[in-house]
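Residue 112 in the numbering used here sits at position 96 of the sequence shown, with consecutive numbering throughout. Notes for the one structure printed next.
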Amino acid sequence: MTLKQALSRAREILTANGIEDAPLEGEILLRHALKISQVQLYQDLNRELNPKQEKTFWGLIKRRLSGEPTAYITGHREFYDLDFYVNHHVLIPRPESELLVEKPLTLAQTHTISTIAEIGTGCGAIAISLALNLPETRIYATDISASALNVALFNCQKHGVLNRIYLLQGDMLDPLPEPVDLIIANLPYVREQELPRLTDFEPRLALNGGSGGLERICQLCRQVKDKLRPEGYLLLEIGQGQGRIVTTLLRSLFPLAKVEVTPDLSGIDRVVSLHLTHNHPNARLIN
17 MTLKQALSRA REILTANGIE DAPLEGEILL RHALKISQVQ LYQDLNRELN PKQEKTFWGL
77 IKRRLSGEPT AYITGHREFY DLDFYVNHHV LIPRPESELL VEKPLTLAQT HTISTIAEIG
137 TGCGAIAISL ALNLPETRIY ATDISASALN VALFNCQKHG VLNRIYLLQG DMLDPLPEPV
197 DLIIANLPYV REQELPRLTD FEPRLALNGG SGGLERICQL CRQVKDKLRP EGYLLLEIGQ
257 GQGRIVTTLL RSLFPLAKVE VTPDLSGIDR VVSLHLTHNH PNARLIN
């Protein structure tokens, strides 16, 4: 079987089993099995796979058909044009979470952002993306999971930012040593009753948002008062349909602050932002 034939057959099998982006996933898995680049793959499509290579490749396809995400199979996930190592101890970074990088970078153009805290950092993708684009900023990255922090540590070393990101283990804001200019959090927001229909491979700790899906997010909102500097910012990723509840809570907690909701590229409300105004040390936005 040639590489071209293997790609074609893999595409057919993956498509028949309802795998989205079947051509791309087949290509990624074949490249991973052969340890070759995309250029090498397409320069050598007529090369024959040896029996060992075939066995390895179809083994990967079988794992994908079992529901295991390609990112876990290969150990790689691209986020904000960077490559990150991932494993089963961390949530796979989603494209919509890139908003939590884009918004701080936009803020930094007009506001002084000297300290940032990312709560629930997982593999460290958001913190590292920010560190590479804001080299003068001190970043704290917290997670309750020691296993997740080990993954983040590996990625910090890989991208050369270990000297500017402080990895801290603990629950929510507890590990932070000081108030910061910006708090970012992509906390669990899936309702507990919806978890059984999701993948069995991603860590439930990073997905389970409690019975209403907002248990951890609401907890953070109530804790943030003493961890934000005057005129500081809070950015929260939320799930579909959760914007009104979160903004209502923040406005009740910070009546003078600015509160906004930003949609993702699909038009789904994705990030809630809070900006403490100068009128009050703890404040709110009026739309």
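The beta-carbon is built from N, C-alpha and C at its ideal position, and this holds for glycine as well.
Through-space distance from residue 117 to residue 53, alpha-carbon basis: Taking the first residue of the sequence shown as position 1, residue 53 is located at position 37. Taking the first residue of the sequence shown as position 1, residue 117 is located at position 101. Whole-angstrom Cα-Cα distance: 28 Å.
Using the Cβ count rule (16 or more neighbours within 10 Å means buried), how would you classify residue 59? What you label residue 59 is simply residue 43 of the sequence shown in a count that begins at 1. Label assigned to residue 59: exposed.
Short check: CB of residue 30 to CB of residue 57, under 8 Å? If you number the sequence shown from 1, residue 30 lands on position 14. If you number the sequence shown from 1, residue 57 lands on position 41. No, the pair does not count as a contact, with Cβ atoms beyond the cut-off.
List the residues that DSSP assigns as beta-bridge partners of residue 249. For the purposes of this step, residue 249 is taken as residue 233 along the sequence shown, with counting starting at 1. Beta-bridge pairing links residue 249 to 198, 291.
Report the three-state DSSP secondary structure of residue 14 (helix, strand or coil). Because the chain is modelled from 17 through 303, residue 14 falls outside the range shown and cannot be assessed.
Whole angstroms are fine: how far does the CA of residue 48 sit from the CA of residue 71? In the sequence shown, residue 71 corresponds to position 55, counting from 1. In the sequence shown, residue 48 corresponds to position 32, counting from 1. For residue 71 and residue 48, the distance between alpha carbons rounds to 13 Å.
Local conformation of residue 131 per DSSP, three classes: For the purposes of this step, residue 131 is taken as residue 115 along the sequence shown, with counting starting at 1. DSSP places residue 131 in strand when its eight states are reduced to three.
Cutoff 7 Å; reference residue 113; Cβ partners in own chain excluding five residues on either side: Within the sequence shown, numbered from 1, the residue matching residue 113 stands at position 97. Correct list, in chain order: 142, 202, 253.
Secondary structure, beta strand (DSSP E): runs of 3+ residues fully inside the region 45–124: 92–95, 98–101
Between which two residues does the beta strand (DSSP E) carrying residue 218 extend? As a first step, residue 218 is located in the sequence shown; it is residue number 202 there, counting from the start. Residue 218 -> no beta strand (DSSP E), and no H or E assigned at all.
Just verifying my parser: in three-state terms, what is the DSSP assignment at residue 10? Since the first and last residues shown for the chain are 17 and 303, residue 10 lies out of range.
Residue 126 - containing alpha helix (DSSP H), residue span: Within the sequence shown, numbered from 1, the residue matching residue 126 stands at position 110. Element bounds for residue 126: n/a, residue is neither H nor E.
With distances taken between CB atoms, is the gap from residue 144 to residue 198 smaller than 8 Å? Numbered from 1 along the sequence shown, position 128 holds the residue referred to as residue 144. Numbered from 1 along the sequence shown, position 182 holds the residue referred to as residue 198. Contact: no.
Which of the three DSSP states, helix, strand or coil, is assigned to residue 284? As a first step, residue 284 must be located in the sequence shown, where it is residue number 268. Here residue 284 sits in coil by DSSP.
Contact under 8 Å by Cβ, residue 177 with residue 139: Translated into positions along the sequence shown, residue 177 becomes position 161. Translated into positions along the sequence shown, residue 139 becomes position 123. No, Cβ-Cβ distance for residue 177 and residue 139 is not below 8 Å.
Can you give me the start and stop residues for the beta strand (DSSP E) that residue 167 sits inside? Walking along the sequence shown from the start, residue 167 turns up at place 151. From DSSP, residue 167 is part of no beta strand (DSSP E) but of the alpha helix (DSSP H) over 162–175.
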